[in-house]
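Worksheet: the structure to be examined is printed underneath.
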Amino acid sequence: MLLVVMDVLLLLVVLLAVCCPVHGTWDSCGGSCGRPIAFRYGKLRIVGGTDAQPGVWPWIVSIEAPLEGGMAHICGGSLIRSQWVLTSAQCFIEARNITMWQVVVGATRLTQLGPKAQVRNIKRLLVHQHYSNVTQRNDIALLELEQPVQCNSYVQLACVPDASLRVSELTECYVSGWGARIARAGGSAYVLQEAQVHLIDAGVCNSSGWYRGAIHTHNICAGYPQGGIDTCQGDSGGPLVCQDKSADYFWLVGLTSWGMGCARAKKPGVYTSTQHFYNWILEQMGLHTAVATTARPQPAFASTPVQRPRPTPIEVGRFTPCPFPVQKLRDLLTRLQEFVHFLKGGNV
Ligand code: ARG
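For the sequence shown, the tail end lands on 390 under this note's numbering, and the numbers increase by one without skipping.
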């Protein structure tokens with residue numbers, strides 16, 4: 043009996059080693075992206091939004107800077123790998139000593155972080171080389187964290203789409219953030235806010251009465267023509283995600299960038315398209331773009347939601363995709379080990 047268990051154990055270890063050699067260590071975030079583990083409930087109600095339930099947007103992070111002896115929320119961001127956060131360049135215009143800043147993951151209420159939340163220092167800030175703080179062109183930046191975070195039910199990676207995802211066809215999209223809840227009032231929300239938004243055609247968004255030509259090809263407009271629900275100050279860098287209808291996970295399609303006022307009619311939120319900067323993101327993280335041409339969209343950096351025919355899992359450069367839920371397998375392995383231990387103890 044013990045021998046059989048040992049054999050199974052060995053086989054599992056070999057399988058794991060072959061499938062997921064993450065630099066020799068287990069990466070708790072390696073198995074999937076874009077999929078909240080927490081069950082969502084309640085009506086969605088940011089400006090015009092509602093309190094988010096814990097774990098519903100597990101990739102969102104709060105980027106914080108020292109202020110008056112404490113830490114103050116500055117911007118949102120999204121975890122795209124266990125050591126990398128994607129956010130907006132504008133968050134750092136006035137940044138002095140970035141090593142004093144912090145990133146909070148796995149939180150809903152910023153005043154009460156909860157046991158699953160993790161705080162990290164920033165090792166490196168990479169702002170887009172052509173970012174303009176006048177036009178908000180190329181409003182994108184990456185943060186490398188000093189230590190990777192551990193994924194859990196409140197901390198998961200977001201999926202960044204490559205060029206093949208047809209973003210404009212996605213119909214169920216959401217924004218989230220700790221930014222101002224009331225337009226013009228300022229201040230940040232303590233409880234993470236969320237709201238459903240619609241993607242707005244770039245032609246319409248650029249037309250007269252709207253943004254009159256200020257929208258670039260790398261922007262996405264989202265909100266409501268009549269206003270009322272929108273991101274606002276303090277939401278910058280945070281995620282605009284859309285659900286993939288053919289699966290049950292979300293794509294990180296945009297980063298909150300700018301808007302004229304907040305929640306005004308014909309002045310929806312303007313987001314930086316992550317798809318547009320897919321290759322830039324890979325390059326900055328030191329990953330190669332060799333696997334660029336594929337028929338189906340692929341989330342970058344994290345292997346995709348597993349056990350699905352599409353999109354195909356990729357792990358560009360670093361580690362090969364895991365064709366099964368790694369975390370589950372690891373749990374199983376741990377339990378098997380415990381079982382073997384128990385058997386040994388019983389036999390000897
Ligand atoms: N730049 C803003 C910030 O500091 C985000 C503004 C978003 N505005 C909007 N109307 N959606 O957080």
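Each residue gets a CB set at the ideal place from its N, CA and C atoms; glycine is no exception.
Small disclaimer: the values here were computed from a predicted structure and weren't measured.
Could you check if residue i belongs to the surroundings of the ligand ARG, using beta carbon to heavy atom distance under 7 Å?
i: Gln-198; result: no
i: Gln-235; result: no
i: Gln-326; result: no
i: Gly-119; result: no
i: Gly-269; result: no
i: Gly-148; result: no
i: Asp-93; result: no
i: Cys-263; result: no
i: Ser-278; result: yes
i: Thr-177; result: no
i: Asp-272; result: yes
i: Cys-304; result: yes
i: Gly-296; result: no
i: Gln-238; result: no
i: Trp-300; result: yes
i: Gly-111; result: no
i: Gly-221; result: yes
i: Gly-311; result: yes
Residue i: which of the options sits nearest, CA to CA?
i: Gly-251; options: Pro-310, Cys-274 and Gly-296; result: Pro-310
i: Cys-304; options: Pro-100, Ala-289, Ile-88 and Arg-77; result: Ile-88
i: Val-191; options: Ser-124, Gly-97 and Asp-290; result: Ser-124
i: Leu-168; options: Asn-175, Ala-183 and Pro-157; result: Ala-183
i: Glu-236; options: Cys-215, Asp-243, Ser-249 and Cys-75; result: Cys-215
i: Ser-206; options: Leu-152, Gln-317 and Lys-308; result: Gln-317
i: Cys-315; options: Val-295, Cys-75 and Gly-76; result: It should be noted that the sequence gives Ser, not Cys, for residue 315. Considering only alpha carbons, the answer is Val-295.
i: Gly-119; options: Ala-307, Ser-74 and Leu-185; result: Leu-185
i: Ser-218; options: His-170, Gly-269 and Leu-297; result: Leu-297
i: Asn-139; options: Gly-301, Gln-154 and Arg-166; result: Arg-166
i: Phe-319; options: Phe-134, Cys-247, Gln-171 and Val-239; result: Gln-171
i: Pro-203; options: Gly-97, Cys-284 and Met-302; result: Cys-284
i: Trp-99; options: Gly-112, Ile-79, Gly-111 and Tyr-232; result: Ile-79
i: Cys-75; options: Asp-286, Val-233 and Glu-325; result: Asp-286
i: Phe-292; options: Thr-92, Ile-122 and Gly-111; result: Ile-122
i: Met-302; options: Leu-324, Cys-247, His-260 and Glu-325; result: Cys-247
i: Val-239; options: Ser-249, Thr-259, His-260 and Gly-269; result: Gly-269
i: Leu-152; options: Cys-133, Gln-189 and Ile-102; result: Ile-102
i: Gly-90; options: Trp-220, Thr-141, Leu-155 and Arg-254; result: Trp-220
i: Leu-155; options: Tyr-253, Leu-234 and Arg-77; result: Leu-234
For residue i, which of helix, strand or coil comes out of DSSP?
i: Met-113; result: strand
i: Cys-247; result: helix
i: Ala-256; result: coil
i: Ile-135; result: coil
i: Glu-42; result: No answer is possible for residue 42: the residues shown for the chain start at 43 and end at 390.
i: Gln-326; result: helix
i: Thr-129; result: strand
i: Tyr-196; result: coil
i: Tyr-320; result: helix
i: Ile-140; result: helix
i: Gln-160; result: strand
i: Val-295; result: strand
i: Val-147; result: strand
i: Val-191; result: coil
i: Val-209; result: helix
i: Ser-174; result: coil
i: Gln-235; result: strand
i: Cys-71; result: coil
Look at the alpha carbon of residue i and the alpha carbon of residue j, and state the distance between them as a whole number of angstroms.
i: Phe-361; j: Glu-136; result: With a pLDDT of only 30 at Phe-361, under 50, the local geometry of the prediction cannot be trusted, and no value is derived from it.
i: Val-312; j: Ala-222; result: 16 Å
i: Gln-198; j: Ile-257; result: 31 Å
i: Ser-405; j: Ser-299; result: An answer regarding residue 405 cannot be provided, because it is not within the stretch 43 to 390 covered by the chain.
i: Ile-262; j: Asn-194; result: 30 Å
i: Gly-265; j: Ile-271; result: 7 Å
i: Gln-95; j: Thr-150; result: 7 Å
i: Ser-70; j: His-115; result: 27 Å
i: Ala-200; j: Leu-187; result: 16 Å
i: Lys-158; j: Ala-289; result: 27 Å
i: Ala-307; j: Trp-322; result: 33 Å
i: Glu-110; j: Cys-133; result: 19 Å
i: Gln-326; j: Ser-249; result: 34 Å
i: Asp-93; j: Thr-259; result: 32 Å
i: Gly-112; j: Gly-245; result: 44 Å
i: Leu-329; j: Thr-141; result: 24 Å
Examine the Cβ distances between the segment 268-276 and the segment 164-184 and report whether three or more of them are shorter than 8 Å.
-> Judged by Cβ distances under 8 Å, the segment 268-276 makes no contact with the segment 164-184, as fewer than three pairs qualify.
Evaluate the contact criterion for the segment 138-149 versus the segment 106-120: three or more CB pairs, one atom per stretch, below 8 Å.
-> The segment 138-149 vs the segment 106-120: in contact.
Give a yes or no on contact between the segment 119-133 and the segment 278-291, applying the rule of three or more CB pairs nearer than 8 Å.
-> These segments touch.
At least 3 beta-carbon pairs within less than 8 Å: the segment 155-162 vs the segment 205-216 = Flag = no, the segment 155-162 and the segment 205-216 do not touch.
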